[in-house]
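These notes are about the structure you will find just below.
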Amino acid sequence: MAPSPALTPAPFRLAPFRVEPRFVTRVWGCSDLRPWFDKVADGEPIGEVWLTGDDSLVATGPHAGKQLGTLFAEAHEALLGRDAPATESPLLIKVIFAQQKLSVQVHPDDAMAHKYGLARGKTECWYALAAKPGAELAVGLKTGTTLEKVRDEIRAGTLEDSLNLLPVEKGDVIYVGAGTVHAIWPGSILLETQQNADVTYRMYDYGRPRELHVEKSLEAAKLQARAGRVHPVPLEDRTVLIDVDYFRIEKIPITGSRTSESLRGDQSQPGLAWLFAASGAGRLSGAGFEPLELPARGIVGIPAASPEFLVEGLGGLELIRITPNWPGK
Ligand SMILES: [Zn+2]
C-alpha cells in the first residue's frame, strides 16, 4: 500500500537565529570592551568573546536558551545539510581582545589530534577588526630556526628572538595552519575563526608562571607551516577574504537589501552559514520567523534548512559571511 500523502513529513525548517556572545575571562584580556561590546568586566579581564562555542546560548526563536552544542546534537541535518560529513558544530568563532601578549602556542593538526584521541586539530585564521599603528602578531618561526634551537630558547627564555613578526592593519587576514608556532600580541582586535577544537599546547610564556606543554608543542610544531597574510580576492558581488580547508570567509556589501539566495552566491548547495556584523547593524526577515536583528558584532546562524529571507542593512553594515569547508569533499 502506498503511504498516504498526509503521512509524508513536511520538509524540516529551521529559521535563522542569533547567538548570545559568551564573555570568557583571560589573564591577558581587557577590562572594558566598549564600544565593541557593551561589556565591562566586573573582576578578571575578558580576553575572548565566543560567538559560536558549544556552550554559547541561542538567543532567539523556538530554541532560545539552548546551548549551541545541544542544538547541533538535535538538528545537525537541518543545520549542516544532509550531505555534511559531520554532526557537530564545525567552526568556533571568537573576538579576541588582548591587553598583554598571549603565550606562544601551537595547535596540532588532525592527524596528531587523532593520535591523542581528540576529535580534530585546529587550523585558524584572524581577520583584524581594528589595529593600532605598529601592532604585530607572531606567526611562524624565522627561516632557518630548528626545533633544537627552539628547545634551547625556551629553556633560556629567549624564544621571542626566533618568532616571525607580522605587522597587522585593520582588514588584514592572516592564516594560521595547524602546527604554526604563533602568538597574538596586543594592539589589534581580531575575529578568529577556527576548527571547533579546544586543544592548545603552550610552548612559551615569557617567564610567566603558567604551565607549559613543551614536548607536545614541539611535536605539533611544523617548521614549514603554512601561515601568513592572505590576499583577498575581489569578486563581482563580494570579496573572498579566505577560502581554504575548513572555512571560507567573505565580506558582502549590502546596499539596501539582499536575498538569502544572493548571499549564497555560487554555493548552490545550502549549508550552514554564519553572518557577523563587523560594524553597523542589519535585520533579517522572511516567512516563518520573527524579524531578526543583527546588532554590531552580533552573529546569526543560517541553517541549511532555513527558509529564504532578506537581509537589510540598517546603516554602516559590514557583513562577514563564514561557512565551513570540508577537507577532501
Ligand atoms: Zn591559536
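Take any residue in the sequence shown, note its place counting from 1, add 361, and you have its number in my numbering.
Built from N, CA and C at the ideal position, the CB exists for glycine as well.
- Excluding five sequence positions before and after Phe637, the CB atoms of its chain that fall closer than 6 Å to its own CB belong to Ile660, Ile681, given in chain order.
- Residue pairing from DSSP places Glu673 in a beta bridge opposite Ser618, Arg644.
- Shown here, Phe433 sits in a helix according to DSSP, grouped into three states.
- Taking C-alpha positions only, Thr448 is separated from Arg609 by approximately 19 Å.
- Pairing Leu526 with Glu669, the inter-Cα distance amounts to about 44 Å.
- A distance below 7 Å separates the beta carbons of Val560 and Lys483.
- Proximity of the segment 585-597 to the segment 639-655 falls short of the contact definition, fewer than three beta-carbon pairs being nearer than 8 Å.
- The straight-line gap separating the alpha-carbon atoms of Gly404 and Gln460 is approximately 15 Å.
- For His424, the three-state secondary structure derived from DSSP is coil.
- Here the alpha carbons of Glu485 and Thr554 stand approximately 6 Å from one another.
- Apart from sequence neighbours up to five positions away, the residues of its chain that approach Val575 with a beta-carbon distance below 7 Å are Ile515, Met564, ordered along the chain.
- Exclusion of the five residues before and after Leu463 leaves Trp389, Ala544, Ile545 as the residues of its chain whose Cβ lies within less than 6 Å of its Cβ.
- Residue pairing by DSSP puts Glu611 in a beta bridge opposite Val601, Arg682.
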